[in-house]
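A.B. asks: Handing you this structure, nothing more for now.
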Amino acid sequence: MKTVKKRKLEPFTIVSIIGVGFFMVLCVIPFWMIISGSFTSESKLATTGYSLIPQPFSTTAYEMIFTGPTVAEAYFASIFITVVGTALSLAATSGIAWVIARRLPGISRPIAIFAYLPMLFSGGLVPLYLLVTQYLHLQNSYFAVILPLLVAPFLVFIQVSAFRQLPEAILESARIDGAGEWRIFFRIVLPLSKPILAVVGLFYAVHYWNEWFTALLFITDVHKYPLPLLLQNLIQNVSFSQMLPTSAGQSPPVYQLRLALTAVTIGPILLAYPFAQRYFVKGITLGATKG
Amino acid sequence: MSISRRRLLAAGGGLSIAALFGAAGCGGGEDDSGSGDALTVLLPGDVPPGWDAVLNAVNAKLKADLGFTISPQFTAWANYKNQALLKFTAGESFDTALQARWLSMTQLVASKSLVAVDEMLASGEYPNLSKTLDPKLIEQNKWSGKLYGIPQVNAAARIQHFNIRQDLAEKLGFSDITDYATLERLWYAVKQKEKNVIPMAVNSNMPDLLISSGQPVGLFNQYSWENPRPTTQAFSGDSLPFVLAADARQTGSSRPVPFWEGPGMIEALRAVRRYYLDGIINKDALNVDTSTVNSQFESGRYASRWAITDGLSSKSSATVAAAVPGARLANVVPLRGGTAARPYQTFQADNFVVLNVKGGSNEKAMQLEDWLSIKANHDLISYGVEGTDWRPVGSDKFEQVTKYTFPGFALCWRADLELKIKDITESEDAWFTWAKDYDNFTVDPFASFIPDPEPIKREDAQVVAAMTQYANPLFVGAVDVDKGLDALKKALDKAGLAKLQAEMEKQANEHLSGR
Amino acid sequence: MSALQTREVRRAASKPKPAAPARRPRPLRGNLWVGLLALPAIAFFVVFAYLPMVGLIVAFKEFNVADGVFGSPWNGLDNFRYFFSSGEAGRILLNTLLLNTLFLAATLAAGITLALMLNEIRGRFFKRVAQSTIFFPYFVSPIVISIILQVLLAGVGGSGGAVNDALAGFGLPTVDWYTQPGPWPWILTVVKVWQMGGYLSVIFLAAITSIPEEVYEAGAIDGASRAQMAWRITIPLLRPTAAVLLVLGVGRIFYGDFGTIYAIVGDNGTLFPTTDVIDTYVFRSLRQLGDFGTTAAVGLFQSVVGFILVTAAVLIQRKYAKESSVL
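Residue numbers (my numbering), protein chains in the order written: chain A, 883 to 1173; chain P, -9 to 505; chain G, 1298 to 1624.
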């Protein structure tokens, strides 16, 4: 257990509180604009552009979102993609990141370059499309959404840099004790890297949760649409070009819908966030003495 | 980290590989689409609420009548163009799709990916379809003598015009507007008397419609409302409009000039600039999209907006009336001479249902189009199940009861079969009816001329970029006319205006001599 | 306390721990055994990244769907000429570099600053709430950002807006933001900082979390103030992480942030003088024609320049800070 010694408030701490507080305000106001706006009737939003008090109150947009026949299926699809995808991604990323971080002669650097190049060069959409639909035959499978996004080079290197900060002494002593490389990785490296695993996992989860483009490409069965694709379609259903005849139906509440969609997307992430947060927000122990 | 642009552009490199695999014959193109006895139909937009029930009814009937079913795939609008092109390029075997010049039709025709349907139509095997397609419609929508899709129209002609708040107009003493000058006076009256209402709504999708367009009128171009006989052509939707000689048909020489040299154009630019400075139009035109502006209009923020003769602008009546008690809509087409103006028309459809060369069965696709030309079938897929989703109002109108809404123009728009919406205002009804009659229009001398951008595609791309940057601000009045026009001319010169102009002249003259 | 000691601490802190130097020659087999851990990711890259790269050759082809790659004639570097002959290339390249440099520097600085500041905050509850709050903008879609910006800068109908109301309130002249290109690099930078600050701070927070307690204790015994410790201990230890982000960012410096910029600026030509980047220009000019050869050529150009810049960055880094080199 650590106890915090009583100290006087230092200037930097005060500056920090003010700084963070200021940034928070910049984030909270738009956040409230989105939440409040999503509950305000379209006629008010369209004349002012925003609404800080949900008055006149309206849930039209949420009704549109949640009364779709496939919303439950979409939630299931998204949760599946997010959970399975994040687990697979985290495993694959940790593996390659550790190999790069180890600086093994003749192995680590080529692999690093190998993992980096796809960040710069991309063959484009069609080869990928053909690969998935005509060779792997993954269309209408959730794995068609997961696999093309499995490893993000960006996050590989974030993890590499974190692995390289691990105290070498512990690893060395494990080696001296005769632990094998795999054992070291699973028993020492991974448990010590919880903060970065939480961060990378969070980023992957966010990525999968928001992913609609690969779903658009590979999922044509309405009943398998993940949530973001459903939401994308909803918002884009409003006319897009002058050449388009408008449909005969009532026009959807565009402002309200856009805001409500943001709220719906953010919701689950904000709920999941604190769980990941535990690992990388440690209590302040800086300058504390052990008690 | 962002690869969105690549995504949006279908990331270059890719497409060729599709062709590569296709050419090598190892792709095959057999996948889920087109499997079994279901025709795969590519549709734009979102899955309509209540779709499953309607589709089941449609398929049951189709199966009984023709022995096959359909399996539609919906793609959201913003992605439709790329998704459709991707599926064509990948050699997939879907059966029909929506295509248009503003989508990828030019490209697909050039690559022979589309079935020419005129011979099939002429065979007489599809009587219901033939019956609903006016011969003039077929004739004017041929590209180099071939019809590459079923034109989807709900009227003969499309004339852009104004949808105004009739209640405001009456309140301000303009109960009947028939000419542009009066309309302009209404706007200034609104500006003066109605503090919270902006007289006219403009959005970022329409700068090219305001001054010069082949529509045949420029929305803010008074000259064009008085002389609706322009011969405007452009290589692509956002490219530079050329004005072709009015007597080209007689002389055989097209002599295209950039739009600003056409009659009335500069005056129109100055008028828009004045509207911008006087607050007649919204100042954020370049940044707001269509749906946002429409939503604002429906909330009473604007006194008028863009409309086209598709009979659908009145659908906002109820929403406007709910937001502003007493609000009523009307349509104003300020043509000099009114319904007797006989403006030019190319009669070119904005949208086509095309048949995929690699589709499972082009005959079945045609049978489907034929089947959809029978009123009961057409109504079923267009409006849903009668009694549940909609009910008829009078003989030619309908009321949508549920939220079911189908993109009919992507599969089954037939001018004769479309029902009018219940709320259609008297004025809109009148103009819509007028627009349904081919005899109310004069055939544009360049009606079936489709300029081919291929020989100058790089220059055209540069010109499109220059137009967006320099012409659009000019069109919505955001910059000074003289300075803006100078900048535009300079940019266009650099981009290759001369080459485009020469190519346009060459192609237009060839078209004239080919007649 | 002694200055010497502090310096000693600083040196110890800034010197990255030697990460598994291959002091003892290890049998290659053992290395390969470890290498197996990378196998799933390698398989992924081969199948989903490298295999589709065959598509890049279309950059050198006069592509048309009918002829396919074999039939389509080669056209050498013609596709590359399109962009450079536009007359706008200079300005667009400059915009791309300038905006991305601004974004990269500002978001990194914001991420580090926020992480340092969050680390200072003691109340657990406040800290968690603060964290969640500043992370949230990352999820706001560009289109909603654009709506919020319009409310702030233009108001409905394009006249007014919260900022102008405030300016008028102070008796200052109002600005037609959406027709003035001048302030936009800064506006976009603020948007990027807002969007990415919290996201990046998470990465740095994780790095701070892994700094051993002892390092700070030494500093505390020295009597260093918290600001001094942040400056002399934490920041140097964040350097490797920042270096990674920097190098990765440099590689993509020729790509614009298309999603955000396009959603905000759209087709508003009056703002192009300062906001038009390669991606938006290419998107705008080619969306109609769908000329994929040219698009691929521009993409390849961006990639190659990125590759050169990254190579340069890595070489420089190796020369000056070998231990923390990324690749």
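Ideal placement from N, C-alpha and C gives every residue a C-beta, glycine not left out.
1. Which stretch, first to last residue, makes up the alpha helix (DSSP H) that contains residue 294 of chain P?
2. Counting C-beta neighbours from all protein chains within 10 Å, is the total for residue 1573 of chain G 16 or more, i.e. buried, or is it exposed?
3. If distances are taken between C-alpha atoms only, which option among G:1430, G:1579 and G:1554 comes closest to residue 1152 of chain A?
4. Judging by CA-CA distance, which residue of A:1137, A:1052, A:1042 and A:1025 is the nearest neighbour of residue 1335 of chain G?
5. Taking DSSP as the reference, what is the three-state secondary structure of residue 392 of chain P?
6. Using alpha carbons as the reference points, say which of P:340, P:55 and P:29 lies closest to residue 95 of chain P.
7. According to the Cβ coordinates, are residue 918 of chain A and residue 936 of chain A closer than 8 Å?
8. Judging by CA-CA distance, which residue of G:1569, G:1339 and G:1609 is the nearest neighbour of residue 1035 of chain A?
9. State yes or no: is the beta carbon of residue 76 of chain P nearer than 8 Å to at least one beta carbon in chain A?
10. Are the CB atoms of residue 167 of chain P and residue 322 of chain P within a distance shorter than 8 Å?
11. Does DSSP put residue 133 of chain P in a helix, in a strand, or in coil?
12. If contact is defined by three or more beta carbon pairs under 8 Å, each pair taking one atom from either stretch, is the segment 988 to 1002 of chain A in contact with the segment 929 to 948 of chain A?
13. Expressed to the nearest angstrom, what Euclidean distance is found between the alpha-carbon atoms of residue 1157 of chain A and residue 1081 of chain A?
14. Please compile the residues from chain P whose C-beta is within a distance smaller than 8 Å of the C-beta of residue 1092 of chain A.
15. Please report the distance separating the alpha-carbon of residue 1398 of chain G from that of residue 1474 of chain G.
16. Kindly indicate which three-state DSSP category residue 334 of chain P falls into: helix, strand or coil?
17. Specify the secondary structure class of residue 512 of chain P as computed by DSSP and reduced to three states.
18. In terms of residue numbering, what span does the beta strand (DSSP E) encompassing residue 63 of chain P cover?
19. Report the rounded CA-to-CA distance for residue 896 of chain A versus residue 1354 of chain G, giving the unit in angstroms.
20. If you scan the segment 1028 to 1092 of chain A from start to end, which runs of the alpha helix (DSSP H) of 4 or more residues do you find wholly inside it?
21. Answer yes or no: does any C-beta atom of chain A fall closer than 8 Å to that of residue 286 of chain P?
22. State yes or no: is the C-beta of residue 1552 of chain G within less than 8 Å of the C-beta of residue 1519 of chain G?
23. Note down, in chain order, every chain G residue with its Cβ under 7 Å from the Cβ of residue 1077 of chain A.
24. Could you tell me which residues DSSP puts in a beta bridge with residue 140 of chain P?
25. Using three-state DSSP, classify residue 153 of chain P as helix, strand or coil.
26. If the cut is a Cβ gap below 9 Å, which residues of chain G does residue 454 of chain P touch?
27. Which partner residues of residue 899 of chain A appear in the DSSP bridge assignment?
28. Do we get a CB-CB distance below 8 Å when we pair residue 1384 of chain G with the residues of chain P?
29. Pull up the distance between the alpha-carbon of residue 450 of chain P and that of residue 1401 of chain G, whole angstroms please.
30. Of all the residues that make up the segment 1435 to 1459 of chain G, which are near chain P by a beta-carbon distance shorter than 7 Å?
31. Between residue 485 of chain P and residue 247 of chain P, what straight-line distance do the alpha-carbon atoms span, to the nearest angstrom?
32. Which chain G residues sit within Cβ distance under 7 Å of residue 460 of chain P?
33. Do the segment 317 to 335 of chain P and the segment 55 to 67 of chain P make contact, defined as three or more Cβ pairs closer than 8 Å?
34. Measure the beta-carbon distance from residue 1073 of chain A to residue 1161 of chain A and round it to whole angstroms, keeping in mind my assumption that it falls under 8 Å.
35. Do the segment 1563 to 1572 of chain G and the segment 460 to 470 of chain P make contact, defined as three or more Cβ pairs closer than 8 Å?
36. Give a yes or no on whether the C-beta atoms belonging to residue 1433 of chain G and residue 913 of chain A are separated by under 8 Å.
C.D. replies: Let's see:
1. Here residue 294 of chain P is taken as the residue at index 304 of the second sequence, counted from 1. Annotation: residue 294 of chain P is outside any alpha helix (DSSP H); the continuous beta strand (DSSP E) that includes it extends over 294 to 298.
2. In the third sequence, residue 1573 of chain G corresponds to position 276, counting from 1. Residue 1573 of chain G comes out buried.
3. Indexing the first sequence from 1 puts residue 1152 of chain A at position 270. Residue G:1430 is the option with its Cα nearest to residue 1152 of chain A.
4. For the purposes of this step, residue 1335 of chain G is taken as the residue at position 38 of the third sequence. Residue A:1042 is the option with its Cα nearest to residue 1335 of chain G.
5. What you label residue 392 of chain P is simply residue 402 of the second sequence in a count that begins at 1. Residue 392 of chain P falls in the coil class under three-state DSSP.
6. Position 105 of the second sequence, counted from the first residue, corresponds to residue 95 of chain P. For the residues P:340, P:55 and P:29, the minimum Cα distance to residue 95 of chain P belongs to P:340.
7. If you number the first sequence from 1, residue 918 of chain A lands on position 36. If you number the first sequence from 1, residue 936 of chain A lands on position 54. Taking 8 Å as the Cβ cut-off, residue 918 of chain A and residue 936 of chain A qualify as a contacting pair.
8. As a first step, residue 1035 of chain A must be located in the first sequence, where it is residue number 153. The alpha carbon of residue 1035 of chain A has as its nearest neighbour, out of G:1569, G:1339 and G:1609, the alpha carbon of G:1339.
9. Along the second sequence, one-based indexing puts residue 76 of chain P at 86. So yes, residue 76 of chain P belongs to the interface.
10. Within the second sequence, residue 322 of chain P is the residue found at index 332, counting from 1. Within the second sequence, residue 167 of chain P is the residue found at index 177, counting from 1. Yes.
11. As a position in the second sequence, residue 133 of chain P is number 143, starting the count at 1. In the structure shown, residue 133 of chain P sits in a strand (DSSP, three-state: E or B).
12. Verdict: no, contact absent.
13. In the first sequence, the residue the question calls residue 1157 of chain A occupies position 275. In the first sequence, the residue the question calls residue 1081 of chain A occupies position 199. When rounded, the distance between both Cα atoms is 11 Å.
14. Indexing the first sequence from 1 puts residue 1092 of chain A at position 210. Chain P residues near residue 1092 of chain A: none, gap ~12 Å exceeds 8 Å.
15. Residue 1398 of chain G sits at position 101 when you count from the first residue of the third sequence. Residue 1474 of chain G sits at position 177 when you count from the first residue of the third sequence. About 23 Å.
16. As a first step, residue 334 of chain P must be located in the second sequence, where it is residue number 344. Residue state, collapsed to three classes: strand.
17. Coverage of chain P is limited to positions -9 through 505, which leaves residue 512 of chain P absent and any answer about it impossible.
18. Along the second sequence, read from residue 1 onward, the residue named residue 63 of chain P stands at position 73. Element bounds for residue 63 of chain P: 59 to 65.
19. Taking the first residue of the first sequence as position 1, residue 896 of chain A is located at position 14. Taking the first residue of the third sequence as position 1, residue 1354 of chain G is located at position 57. Approximately 57 Å, taken between the alpha carbons.
20. 1035 to 1045, 1050 to 1058 and 1076 to 1092
21. The residue given as residue 286 of chain P occupies position 296 in the second sequence. Closer than 8 Å to some Cβ of chain A, the Cβ of residue 286 of chain P qualifies, so yes.
22. Counted from its first residue, the third sequence places residue 1552 of chain G at position 255. Counted from its first residue, the third sequence places residue 1519 of chain G at position 222. No, they are not a contact pair.
23. The count along the first sequence starts at 1 and reaches residue 1077 of chain A at position 195. By Cβ distance, chain G contributes 1503, 1506 and 1507.
24. Counting from one through the second sequence, the residue named residue 140 of chain P turns up at place 150. In the DSSP output, where bridge partners are listed per residue, residue 140 of chain P has P:343.
25. Translated into the one-based positions of the second sequence, residue 153 of chain P becomes position 163. Strand at residue 153 of chain P.
26. Looking up residue 454 of chain P in the second sequence gives position 464. Within chain G, the residues near residue 454 of chain P are 1581, 1582, 1583, 1584, 1585 and 1586.
27. The sequence position of residue 899 of chain A within the first sequence is 17, counting from 1. Its beta-bridge partners do not exist; DSSP assigns none.
28. By 1-based counting over the third sequence, the position of residue 1384 of chain G is 87. Yes, because at least one Cβ of chain P sits closer than 8 Å to the Cβ of residue 1384 of chain G.
29. By one-based count along the second sequence, residue 450 of chain P stands at place 460. By one-based count along the third sequence, residue 1401 of chain G stands at place 104. Taking the straight line from one Cα to the other gives about 34 Å.
30. 1447, 1451, 1453, 1454, 1455 and 1456
31. Within the second sequence, numbered from 1, the residue matching residue 485 of chain P stands at position 495. Within the second sequence, numbered from 1, the residue matching residue 247 of chain P stands at position 257. Residue 485 of chain P and residue 247 of chain P: Cα-Cα distance of roughly 16 Å.
32. Locating residue 460 of chain P in the second sequence gives position 470, where the first residue counts as 1. Ordered by position in chain G, the residues that pass the 7 Å Cβ test against residue 460 of chain P are 1566.
33. Touching, no, given that fewer than three Cβ pairs across the two stretches are closer than 8 Å.
34. Translated into positions along the first sequence, residue 1073 of chain A becomes position 191. Translated into positions along the first sequence, residue 1161 of chain A becomes position 279. Not quite, the Cβ-Cβ distance comes to about 11 Å (not below 8 Å), so this is no contact.
35. Contact holds: three or more Cβ-Cβ distances are below 8 Å.
36. Translated into positions along the third sequence, residue 1433 of chain G becomes position 136. Translated into positions along the first sequence, residue 913 of chain A becomes position 31. Yes, these two residues count as a Cβ contact at 8 Å.
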